[in-house]
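Residue numbers (the numbering used here): 35 to 231.
Down below is the structure, laid out as structure tokens.
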């Protein structure tokens, strides 16, 4: 009889702490650096920034709504534990976005906002990944697509994110797309660093 290994309580608490702190950093980046300056990250957060600008609905609502379909897809491909952790991370993210919505914008300098926002996003997403969760459904979709195509995971994620940044260029203007690209590059490098620690 095969005995199923049960994760220790301290290990589970550690994962949840990563999800909690990571979600806070993502919310901090979105509400105090990026969204007020119309600068985007890639993925569903980038789409959420665009939609929150075009509609009266707030950023946290769009992030949760856009990720719901991907949670179902993730549940099918990656199982219930991954889905539960991702739901927890999204709940934390929505909560922190609501709280930080009332905090004044830290800087109105686009370059500074793009760099600091990218660093904060990278730290946050990296910690969520270390907590074995996800707050960006585009990444889930990219993993699945890359498995059945000749494109690597990195190439697939890059394609999706660049498409979203170009869409943002049409909405916010091309200078904002340039700063969004800076945010994306800083976030990408920071995620890689945090995950490898």
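By construction, the Cβ of each residue, glycine as well, lies at the ideal position given by its N, Cα and C atoms.
Could you tell me the boundaries of the alpha helix (DSSP H) in which residue i lies?
{"i": "residue 67", "result": "Premise fails: residue 67 is in no alpha helix (DSSP H) and is neither H nor E."}
{"i": "residue 180", "result": "171 to 181"}
Is there a C-beta anywhere in chain C that falls below 9 Å from the one on residue i?
{"i": "residue 165", "result": "The displayed structure is made up of one protein chain only, and chain C is not part of it."}
Can you tell me whether residue i is buried or exposed, with buried defined as 16 or more other CB within 10 angstroms of its CB?
{"i": "residue 281", "result": "Residue 281 is absent from the structure shown; the chain starts at 35 and stops at 231."}
{"i": "residue 27", "result": "Outside the shown range of the chain (35 to 231) lies residue 27, about which nothing can therefore be said."}
{"i": "residue 114", "result": "exposed"}
{"i": "residue 89", "result": "exposed"}
{"i": "residue 137", "result": "exposed"}
{"i": "residue 218", "result": "buried"}
{"i": "residue 213", "result": "buried"}
{"i": "residue 64", "result": "buried"}
{"i": "residue 124", "result": "buried"}
{"i": "residue 5", "result": "Residue 5 lies beyond the stretch modelled for the chain, which goes from 35 to 231, so this question has no answer here."}
{"i": "residue 102", "result": "exposed"}
{"i": "residue 193", "result": "exposed"}
{"i": "residue 96", "result": "buried"}
{"i": "residue 200", "result": "exposed"}
{"i": "residue 184", "result": "exposed"}
{"i": "residue 231", "result": "exposed"}
{"i": "residue 99", "result": "exposed"}
{"i": "residue 195", "result": "buried"}
{"i": "residue 204", "result": "exposed"}
{"i": "residue 162", "result": "buried"}
{"i": "residue 74", "result": "buried"}
{"i": "residue 71", "result": "buried"}
{"i": "residue 119", "result": "buried"}
{"i": "residue 106", "result": "exposed"}
{"i": "residue 128", "result": "buried"}
Under the assumption that residue i contacts residue j (Cβ atoms under 8 Å), give the Cβ distance between them as a whole number of angstroms.
{"i": "residue 77", "j": "residue 170", "result": "4 Å"}
{"i": "residue 83", "j": "residue 91", "result": "The Cβ separation is near 12 Å, so there is no contact."}
{"i": "residue 165", "j": "residue 56", "result": "6 Å"}
{"i": "residue 61", "j": "residue 159", "result": "That pair is no contact at about 12 Å."}
{"i": "residue 177", "j": "residue 104", "result": "Going by Cβ atoms, the distance from residue 177 to residue 104 rounds to 10 Å, so no, they are not a contact pair."}
Start-end ranges of the alpha helix (DSSP H) lying completely within the region 183 to 219, minimum 4 residues: You should have 187 to 206.
Can you check the region 69 to 151 for any alpha helix (DSSP H) of at least 4 residues that lies completely inside it and give the ranges in chain order? Within the region 69 to 151, the complete alpha helix (DSSP H) runs of at least 4 residues are 77 to 88, 93 to 112 and 114 to 134.
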